[in-house]
Structure formats: C-alpha cells, structure tokens
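Asks: My structure is below; once you've seen it, I'll send some questions.
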Amino acid sequence: MKIILVLLSSAVLLCSAAPAFELVTCSENSHAAAARLAMHHINAHHDHGYKLRLSKTQGIKVVTVNGGCNVELHLKLLETKCHVVNPRHFEDCEIREEHERAVMADCTVKITVKMGHAKVTKY
Numbered sequence: 000m001k002i003i004l005v006l007l008s009s010a011v012l013l014c015s016a017a018p019a020f021e022l023v024t025c026s027e028n029s030h031a032a033a034a035r036l037a038m039h040h041i042n043a044h045h046d047h048g049y050k051l052r053l054s055k056t057q058g059i060k061v062v063t064v065n066g067g068c069n070v071e072l073h074l075k076l077l078e079t080k081c082h083v084v085n086p087r088h089f090e091d092c093e094i095r096e097e098h099e100r101a102v103m104a105d106c107t108v109k110i111t112v113k114m115g116h117a118k119v120t121k122y
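Heads up, the sequence shown is in numbering that gives the first Met the number 0, so the first residue is 0 and it goes up one at a time.
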C-alpha cells in the first residue's frame, strides 16, 4: 500500500513539474524564451511574499559580444495568489486583482548567452 502511495505521489509531482526551458539564443525572436528564463530566476530567488508572473515584455535589446551576446529585457511583472512556499509552478498561479492590493513591478533583466548557454546576470 505504501508503494502505491509513493508511486501516486511521484506521478502527481511529475505531472505538475515545470515544462522544459526553451533555448535562449542571440536572435531577437527568442524574447519569449529569455523572459521565461528571467521569470524562473526571479521566482527562484524571491524568498518572501507571493510569486510573480510576467504580464508583458516591454522591450528587448540584444548586443553581440565575443562568443555570444548580452540580452537586456524590460518586463512588467504582476503578483500572483501563490505564496513563495506554495509548490505550484508560478505559471499556474492566478494573478491578483487590483482590489486585492496587487503588486506590479517593472523589471530590467540582463542575460548573458555564451556558447549556447544562457545565464541571468542581473535583475
């Protein structure tokens, strides 16, 4: 019986796991993948309050450097109803309504892409 419970729990966790990342490249049409990477990074390092979700990408700037590029994103973020300790993935959380005193943020995120590997360097 315990084995069935463990297997069922594992199946539920796997089904609720975050989808795989899309590859962030140095082309300007990879802004959705870059924004998603940025949101994962921000929520992973956000240790109080509520999870944030992307409202829209307000701008993107790509600068080519040796062996890769630097990507600068301007994002508008909204607070969700999921507390940071909630295991639910931030993309599955409802956004708070304005009358619920929702937090809104404009955020600049810098990502470095080198040899096919993307890393958030500043936010």
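Even glycine gets a Cβ: it sits at the ideal position worked out from N, Cα and C.
#1: Since M38 is in the beta strand (DSSP E), which residue starts that stretch and which ends it?
#2: Taking Cβ to Cβ, would you say L77 is nearer than 7 Å to I59?
#3: What are the uninterrupted segments assigned as beta strand (DSSP E) that are 3 or more residues long and contained completely in the segment 91 to 116, given in chain order?
#4: Going by CA-CA distance only, name the one from K118, V83 and K75 that's closest to A104.
#5: Going by CA-CA distance only, name the one from S54, N69, R100 and N65 that's closest to S26.
Replies: Let me spell this out:
#1: Not the beta strand (DSSP E): M38 falls in the alpha helix (DSSP H), residues H30 to A43.
#2: no
#3: 103 to 113
#4: K75
#5: N69
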